[in-house]
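Here's the structure, in structure tokens; my notes come after.
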Amino acid sequence: MSVERLRGLLVDAFPEAEDVDVLDRTGTGDHFLVTVQSTRFSGLGLVDQHRLVYDALAEPLADGTIHELRIKTKGD
Amino acid sequence: MELREQIQQVIDNEPVALFMKGTPQLVMCGNSHRALEALRAAGAPVTAVDVLPDPRYRQELSAISGWPTIPQVFVGGELIGGADIVEELAASGELEEKLSGALGGDYRAGRDERVVALAAV
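Chains as they are written, first to last, in numbering that gives the first Met the number 0: chain A, 0 to 75; chain B, 0 to 120.
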């Protein structure tokens, strides 16, 4: 999966985000670090913040396209 | 006992449950390793469950927790998160606070790391 496509899924899910960054950690298109900064995370615990990111990427996670995902979320 | 019930019992009864790929002695995944090391550094009395022997372990666990990835860490029956969150909480000192809050201030004196196996159904 390309960085651009993954980034597109996140931007669609978090149109209000101040920052969306995707890093292909291994250069193989299946190990990613994603960083999302959004006011939607404000006031939420980390579990709920990460759940929102997982929801946005549910399909590529479920079908194995994403083998490993690291998540960094930030409120405003 | 049904598989889901077994997993729920581990979550409910173990002070710190770590569902991981492999065992603490033979970790099979980088993220499981990161979660284990963060818990160890905080002195958590870890009970580890290997999800690799049967794909149903992971399916049932995620059905219970609503969390799609492995590892998963529970403290006092509550989902704390995966490797990223546990590392983040460890770095900020919140992991030790959570452990003290859920298990008492002397949680480090609890029993040693151990592994429990789920029984095939």
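Beta carbons: idealized from backbone N, C-alpha and C, even for Gly.
Check: residue i C-beta below 7 Å from any heavy atom of the ligand SAM
i, result
"Thr68 of chain B", "This structure does not include the ligand SAM; it has no bound ligands of any sort."
8 Å Cβ cutoff met for residue i and residue j
i, j, result
"Lys73 of chain A", "Asp83 of chain B", "no"
"Leu38 of chain B", "Val72 of chain B", "yes"
"Ile69 of chain B", "Val48 of chain B", "no"
"Asp20 of chain A", "Val10 of chain A", "no"
"Phe31 of chain A", "Arg24 of chain A", "yes"
"Ala61 of chain A", "Val35 of chain A", "no"
"Val115 of chain B", "Thr46 of chain B", "yes"
"Thr27 of chain A", "Asp75 of chain A", "no"
"Leu68 of chain A", "Leu56 of chain A", "yes"
"Ile6 of chain B", "Leu88 of chain B", "no"
"Glu95 of chain B", "Ala34 of chain B", "no"
"Leu102 of chain B", "Gly109 of chain B", "yes"
For residue j and residue i, believed in contact at Cβ under 8 Å, the rounded distance
i, j, result
"His49 of chain A", "Gly80 of chain B", "6 Å"
"Phe18 of chain B", "Leu60 of chain B", "6 Å"
"Pro44 of chain B", "Pro14 of chain B", "5 Å"
"Asp18 of chain A", "Met0 of chain A", "With 8 Å as the limit, Asp18 of chain A and Met0 of chain A do not qualify as a contact, their Cβ atoms being about 20 Å apart."
Cβ neighbour criterion (16 or more within 10 Å) applied to residue i
i, result
"Arg113 of chain B", "exposed"
"Ala16 of chain B", "buried"
"Glu58 of chain A", "exposed"
"Glu1 of chain B", "exposed"
"Arg107 of chain B", "exposed"
"Glu4 of chain B", "exposed"
"Asn12 of chain B", "exposed"
"Glu3 of chain A", "exposed"
"Ser41 of chain A", "exposed"
Where the segment 52-82 of chain B meets chain A: residues whose CB sits under 8 Å from a CB there
Gly65, Trp66, Pro67, Thr68, Leu78, Ile79, Gly80, Gly81 and Ala82
Note down, in chain order, all residues in the segment 9-33 of chain A with a beta-carbon under 8 Å from any beta-carbon belonging to chain B.
none
Please give me, in chain order, every unbroken run of the alpha helix (DSSP H) with length at least 4 that falls completely inside the segment 11-78 of chain B.
29-40 and 54-64
Please list the residues of the segment 22-56 of chain B that have a C-beta atom closer than 7 Å to any C-beta atom in chain A, keeping them in chain order.
Asn30
Using Cβ-Cβ distances below 8 Å, what residues of the segment 86-111 of chain B are close to chain A?
Glu87 and Leu88
Members of the segment 34-59 of chain A that neighbour chain B once the beta carbon cut-off is set at 8 Å:
Leu45, Val46, His49, Arg50, Tyr53 and Ala57
Can you list the beta strand (DSSP E) stretches of 3 or more residues lying completely in the segment 19-51 of chain A, in chain order?
30-36
For the segment 5-21 of chain B, enumerate the residues whose C-beta is nearer than 7 Å to any C-beta of chain A, in chain order.
none
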